[in-house]
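Sequential numbering from 1 applies to the sequence shown in the UniProt record's numbering.
Taking it in order: structure first as structure tokens, then the write-up.
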Amino acid sequence: MMIVYRIPSQPISKADMLGSGFFLSRLNPPFLRFPFSFPFPFSYLGDFLRDCGERDLVYFFFIMVRLSIVTALYAVVVSAVDFDKIAVGKGHSRLPGAYIFEFEENHDCADFFAKASARGKTRMQYNYKLFKGASIQFTDIDNAEDLASEMALLPGIKQKWPVQTFSIPKPEVHWTGIPGMEYKSIQKRGFEERDTMNDTFSPHVMTQIDKLRAEGITGKGLKVALVDSGVDYKHPALGGCFGKDCLVSFGTDLVGDAYDGLNNAKPDNDPMDCAGHGTHVAGILAAQKNTMDFTGAAPGVQIGAYRAFGCNGEAGNDVLIAAFNQAFEDGADIISASIGGPSGWSEEPWAVAVSRIVEQGVPCVLAAGNSGAMGMFYASTAANGKKVTAVGSYDNTKSLALLNASKYSIEGGPEHEFGHLSGKPSAWKGVKLPLWALSYDTSVADDGCDEWPKNTPDLSKYIVLLRRGSCTFDAKAANAVKAGAKYIMFYSNKEDLAPFDVSSVAGIKAASIVSPEQGAEWIASLKEKKKITLSMSDGSDGNVILEQKHNNVTAGAASTFSSWGPTWEMDVKPQFGAPGGKILSTYPQSMGSYAVLSGTSMASPLVAGIFALIAEARGTRDPALIENLLSASANPQLFNDGKMFYDFLAPVPQQGGGIVQAHDAAHAKVLLSRSSLSFNDTDHFPESLNFTVKNTGKKQIDLQISHVPAVTMFTLVENYIYPDEFPNDFSKEHASLKFSESKLTIDAGESIVIEVLATPPKGLNATRLPVWSGYVTINGTDGTSLSLPYQGLTGSLHDSVVLGPKDTWIANSTDENRFPIADNTTWTLPKPGTANNLTDTLPGLTWFLALGSAKLHAEVMPVTTEKPTSSKKPRVIGEPADFPVLWNAMGVNSQAFTGELADGTFAPAGQYVVRYRALRIFGDEKKEEDWDEAYSPVFTIRYENFLYKSIKEVIGFGKGHG
Numbered sequence: 001m002m003i004v005y006r007i008p009s010q011p012i013s014k015a016d017m018l019g020s021g022f023f024l025s026r027l028n029p030p031f032l033r034f035p036f037s038f039p040f041p042f043s044y045l046g047d048f049l050r051d052c053g054e055r056d057l058v059y060f061f062f063i064m065v066r067l068s069i070v071t072a073l074y075a076v077v078v079s080a081v082d083f084d085k086i087a088v089g090k091g092h093s094r095l096p097g098a099y100i101f102e103f104e105e106n107h108d109c110a111d112f113f114a115k116a117s118a119r120g121k122t123r124m125q126y127n128y129k130l131f132k133g134a135s136i137q138f139t140d141i142d143n144a145e146d147l148a149s150e151m152a153l154l155p156g157i158k159q160k161w162p163v164q165t166f167s168i169p170k171p172e173v174h175w176t177g178i179p180g181m182e183y184k185s186i187q188k189r190g191f192e193e194r195d196t197m198n199d200t201f202s203p204h205v206m207t208q209i210d211k212l213r214a215e216g217i218t219g220k221g222l223k224v225a226l227v228d229s230g231v232d233y234k235h236p237a238l239g240g241c242f243g244k245d246c247l248v249s250f251g252t253d254l255v256g257d258a259y260d261g262l263n264n265a266k267p268d269n270d271p272m273d274c275a276g277h278g279t280h281v282a283g284i285l286a287a288q289k290n291t292m293d294f295t296g297a298a299p300g301v302q303i304g305a306y307r308a309f310g311c312n313g314e315a316g317n318d319v320l321i322a323a324f325n326q327a328f329e330d331g332a333d334i335i336s337a338s339i340g341g342p343s344g345w346s347e348e349p350w351a352v353a354v355s356r357i358v359e360q361g362v363p364c365v366l367a368a369g370n371s372g373a374m375g376m377f378y379a380s381t382a383a384n385g386k387k388v389t390a391v392g393s394y395d396n397t398k399s400l401a402l403l404n405a406s407k408y409s410i411e412g413g414p415e416h417e418f419g420h421l422s423g424k425p426s427a428w429k430g431v432k433l434p435l436w437a438l439s440y441d442t443s444v445a446d447d448g449c450d451e452w453p454k455n456t457p458d459l460s461k462y463i464v465l466l467r468r469g470s471c472t473f474d475a476k477a478a479n480a481v482k483a484g485a486k487y488i489m490f491y492s493n494k495e496d497l498a499p500f501d502v503s504s505v506a507g508i509k510a511a512s513i514v515s516p517e518q519g520a521e522w523i524a525s526l527k528e529k530k531k532i533t534l535s536m537s538d539g540s541d542g543n544v545i546l547e548q549k550h551n552n553v554t555a556g557a558a559s560t561f562s563s564w565g566p567t568w569e570m571d572v573k574p575q576f577g578a579p580g581g582k583i584l585s586t587y588p589q590s591m592g593s594y595a596v597l598s599g600t601s602m603a604s605p606l607v608a609g610i611f612a613l614i615a616e617a618r619g620t621r622d623p624a625l626i627e628n629l630l631s632a633s634a635n636p637q638l639f640n641d642g643k644m645f646y647d648f649l650a651p652v653p654q655q656g657g658g659i660v661q662a663h664d665a666a667h668a669k670v671l672l673s674r675s676s677l678s679f680n681d682t683d684h685f686p687e688s689l690n691f692t693v694k695n696t697g698k699k700q701i702d703l704q705i706s707h708v709p710a711v712t713m714f715t716l717v718e719n720y721i722y723p724d725e726f727p728n729d730f731s732k733e734h735a736s737l738k739f740s741e742s743k744l745t746i747d748a749g750e751s752i753v754i755e756v757l758a759t760p761p762k763g764l765n766a767t768r769l770p771v772w773s774g775y776v777t778i779n780g781t782d783g784t785s786l787s788l789p790y791q792g793l794t795g796s797l798h799d800s801v802v803l804g805p806k807d808t809w810i811a812n813s814t815d816e817n818r819f820p821i822a823d824n825t826t827w828t829l830p831k832p833g834t835a836n837n838l839t840d841t842l843p844g845l846t847w848f849l850a851l852g853s854a855k856l857h858a859e860v861m862p863v864t865t866e867k868p869t870s871s872k873k874p875r876v877i878g879e880p881a882d883f884p885v886l887w888n889a890m891g892v893n894s895q896a897f898t899g900e901l902a903d904g905t906f907a908p909a910g911q912y913v914v915r916y917r918a919l920r921i922f923g924d925e926k927k928e929e930d931w932d933e934a935y936s937p938v939f940t941i942r943y944e945n946f947l948y949k950s951i952k953e954v955i956g957f958g959k960g961h962g
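Here is the structure:
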């Protein structure tokens with residue numbers, strides 16, 4: 001029988017975990033698993049999707065490898081947050097023809113700019129202390145790689161990278177207010193009565209911000225820069241102005257409204273937000289007192305708004321590099337961003353730029369990412385940068401909803417108020433109609449999904465009451481419309497009221513959703529044949545209800561959407577976490593003024609605010625010191641799969657040090673010299689690691705050092721090279737640690753080095769790359785209770801397959817699902833130099849990496865009937881343009897092939913295969929055995945209105961030709 005620790009109303013305390021004989025029995029729990037094995041045939045997919053129906057708890061990630069070999073569908077079921085609404089995002093993609101060039105210090109690059117102006121446009125120019133260079137968009141995209149390589153050889157050019165674009169995070173929107181509404185008076189339900197001087201905002205209570213605020217610590221005098229979509233600085237809770245003496249006192253717009261990541265930026269001095277994300281982030285950091293009865297973590301700071309996104313689209317890493325460097329040069333004390341994409345490599349250029357800033361003494365706090373569904377090793381850039389603080393997310397202990405207040409009466413009796421969350425459409429104003437229910441059974445999951453009875457009355461004069469569940473909202477609405485319905489009131493099948501949209505169903509004028517309790521009450525009355533009349537409001541009259549409920553399922557747990565580490569170099573990521581699930585904050589006034597969102601985007605600014613509070617309290621903004629303090633004082637939490645808590649700690653790759661405790665960090669007297677320990681993999685396993693304990697207090701302290709293991713998680717599926725999905729398989733086996741001293745007396749001002757020797761767990765299948773982790777515990781006679789997260793990996797990352805021999809295929813370049821097409825397909829390509837790889841249907845060279853790779857080559861090879869020999873190398877005519885690809889995350893990626901090769905020539909018409917070569921983790925480029933190799937299916941290319949004379953005609957075409 002599985003033993004489950006019951007979560008208290010607040011997250012488990014460190015004292016509970018470390019000081020009460022906490023032992024992890026970790027029996028195998030009943031995993032969330034679908035009723036098919038991995039891999040499974042495509043024929044199951046239709047049945048699977050039909051079974052899932054409207055269950056928006058399901059988040060799909062498709063991993064396609066060649067149909068003739070294996071096709072894998074990854075699926076994750078969670079209940080804490082709807083994964084299909086959480087922005088895993090497409091992460092980042094390469095911008096055709098655009099490159100970043102870094103210059104050597106003090107070098108005159110006039111020749112570079114002269115050549116650049118003749119060949120393209122300058123996207124960004126860098127003349128910063130820590131980064132000098134430029135990003136160039138070449139006019140001749142077809143020959144851009146060749147031109148960029150040529151310019152990289154000019155004197156004074158340090159290095160070049162392709163420009164990558166990052167999509168703006170789109171956290172799950174639980175609700176927003178009504179655009180233009182001021183919300184001067186709000187009813188509140190479910191809030192504890194309190195002294196108005198106390199901070200009871202749940203994210204602050206969970207992280208001890210309330211305790212620092214009670215001491216008068218607000219972050220006063222600190223400048224915090226936010227690199228994001230801008231800030232609605234006219235919002236009353238954000239100061240109402242921009243500039244000197246305003247809350248949003250500095251910053252700039254680096255891009256302009258029309259910027260989408262593909263076009264050139266048109267900067268101005270007005271960082272007004274038109275996307276929403278940045279305003280929500282700013283409120284979490286520093287919102288002032290408002291009618292929603294919350295403030296930001298550090299309302300005393302000055303906000304710097306560095307707008308890197310337009311109203312829609314993406315941002316280039318060239319812009320993000322500029323934004324961080326500009327914030328640094330403008331004197332920001334802390335820089336935060338809730339942007340990123342899967343990588344896991346600290347060498348990516350944006351990550352490199354951010355790491356340099358941290359090295360100069362400015363903390364950089366970044367969101368860990370929202371790709372928890374992907375399982376292990378999915379660290380986001382630039383959060384994966386060296387010395388960059390990566391922040392994971394925990395679920396709020398409370399759930400907030402802003403409801404429109406309306407009234408109902410039973411049998412013409414007195415009116416009673418109720419709250420409902422409006423969906424789309426929402427034309428409720430003035431509607432007063434009786435309620436009608438299809439079923440009087442509240443347990444019917446598919447209420448309204450099937451064909452309705454023929455004796456259903458004309459519903460045009462009713463509001464139809466339907467239970468949420470089983471099939472989509474649209475399906476229920478469509479059936480209701482067939483019976484004449486115009487208005488629908490759903491009642492939820494769970495505590496959270498999720499936003500929805502049925503505006504695509506013609507005939508529906510308004511739809512809303514109420515709580516399960518309210519729905520059950522109405523059903524009971526209707527079952528007794530009582531008439532219920534609803535008098536509806538759309539909220540435009542300002543009559544709204546702010547309702548708070550306790551989160552009974554995942555309160556205080558690491559959010560299931562939060563991305564997992566470690567990096568491919570086995571660095572610990574995230575460092576720690578903070579509440580990011582269901583967070584109330586400001587929103588642009590044009591978009592509703594306030595909103596509740598979920599994402600690591602919400603956790604990162606909270607931690608940035610905590611950095612400011614600690615900087616004020618301790619009089620230092622040393623990045624390493626503050627990170628070490630927060631990691632050591634953080635509270636590790638029990639593992640939760642989105643449905644229940646287990647009796648073991650969540651692993652370090654998911655939660656880092658745990659949920660931060662600001663007050664403990666601000667007042668700690670015992671300091672640790674590190675924020676974590678990584679024992680790497682078996683190949684690079686160190687004999688020992690060490691950390692320093694320092695007593696900064698005025699009294700001698702006795703300390704006891706021990707450790708508490710977390711659960712060991714497997715990276716790969718058993719008997720396959722492919723990564724496991726969340727929740728990963730796990731083992732009860734854990735490492736054991738020995739310390740040079742386990743009991744010590746440390747005098748005031750004294751420092752002692754502790755050596756740590758780890759013995760990896762026994763009996764694990766090393767080919768599955770199990771990651772073991774836990775916490776070194778330091779408990780003192782003065783009440784000190786600290787922990788130091790550690791991790792290691794049994795197995796060899798270097799020996800693990802990165803690219804399977806059959807894990808490449810050809811897809812239509814315009815197919816977002818990247819489905820494989822038949823072998824030997826013939827493609828007719830646009831005339832060389834005229835293809836648009838964004839809109840034309842081209843061969844999509846597609847590959848699946850089981851693990852990350854620092855470099856991926858693709859070599860185009862003519863098909864030959866000659867038998868290969870060991871002494872004769874295959875003929876290669878070149879690599880496609882934009883290859884090799886650097887710093888690859890695991891998973892599927894694709895590149896449209898126009899026929900152009902990296903040297904600017906074009907492959908002649910003919911029959912080809914592509915040989916892919918992926919460098920293994922910790923691999924040496926010079927060693928052939930360190931590369932995995934795979935071949936694409938055979939395909940044929942032709943060109944419209946253009947014929948090569950022979951297959952040998954390849955050299956020279958494309959250079960200087962149209």
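All residues carry an ideal CB built from backbone N, CA and C; glycine is no exception.
Remember, predicted model here, so these are calculated numbers, not experimental data.
The continuous beta strand (DSSP E) containing P579 extends over residues F576 to G581. Distance from the CA of G375 to the CA of Q208, rounded to the nearest whole angstrom, comes to 29 Å.
Contiguous beta strand (DSSP E) elements confined to the region 329–386 occur at 334–337 and 364–367, taking only those with 3 or more residues. Y126 and L320 have their C-alpha atoms roughly 12 Å apart. The closest CA to that of S736, considering only E755, H707 and V711, is found on H707.
Residue pairing by DSSP places P843 opposite N812 in a beta bridge. Positions of the alpha helix (DSSP H) runs, each at least 4 residues long and wholly inside the region 609–686, are given as 623–633, 652–655 and 662–666 in order along the chain.
About 16 Å separates the CB atoms of V914 and A822; that is not less than 8 Å, and the two are not in contact.
The DSSP-derived three-state label of A437 is strand.
By the Cβ criterion, the region 762–781 is not in contact with the region 410–419, since fewer than three pairs of Cβ atoms, one from each stretch, lie closer than 8 Å. In the structure shown, the three-state DSSP call for V391 is strand.
The C-beta of A237 has 16 or more other C-beta atoms within 10 Å across all chains shown, which makes the residue buried.
Spanning the alpha carbons of T252 and D270 requires a straight line of approximately 6 Å.
Nearest C-alpha to K698 among V670, R674 and L716: V670.
For S149, there is no enclosing beta strand (DSSP E); the residue is part of the alpha helix (DSSP H) that begins and ends at A144 to A152. For Q518, the enclosing alpha helix (DSSP H) stretches over residues P516 to K527. The beta carbons of S426 and A510 sit closer together than 8 Å. Here the region 296–307 makes no contact with the region 339–355; the two share fewer than three CB pairs at distances below 8 Å. With contacts defined by Cβ atoms closer than 8 Å, A615 and L672 do not form a contacting pair. Nearest to S562 by alpha-carbon distance, out of S117, E182, Y487 and N370, is N370.
Pairing W809 with P653 gives a Cβ-Cβ distance that is not under 8 Å. Contact between L793 and V771 holds: their C-beta atoms lie close to 5 Å from each other, under 8 Å. Remark: C-beta atoms of Q637 and A558 approach each other more closely than 8 Å. D111: member of the alpha helix (DSSP H) spanning A110 to R119, first to last residue. The C-beta distance from T176 to A595 rounds to 4 Å, short enough to meet the 8 Å contact threshold. In this structure, Q137 and A98 form a Cβ contact; the two beta carbons are roughly 5 Å apart against a cut-off of 8 Å. In the pairwise beta carbon analysis, the region 563–581 is classified as touching the region 380–392: at least three pairs are separated by under 8 Å. Contact check for G180 and F103: beta-carbon distance about 48 Å, past the 8 Å limit, so the pair fails to qualify.
The three-state secondary structure of A483, taken from DSSP, is coil.
Non-local beta-carbon contacts of V362 in its own chain, meaning distances under 8 Å to residues more than five positions away in sequence, involve F328, A332, D333, I334, I335, R621 and P623 in chain order.
Annotation: the continuous alpha helix (DSSP H) that includes D210 extends over I209 to A214. Distance check between F490 and each of G484, A483, N479 and L465 places L465 closest, using alpha-carbon atoms only. With respect to G310, V255 sits close: the two C-beta atoms are nearer than 8 Å.
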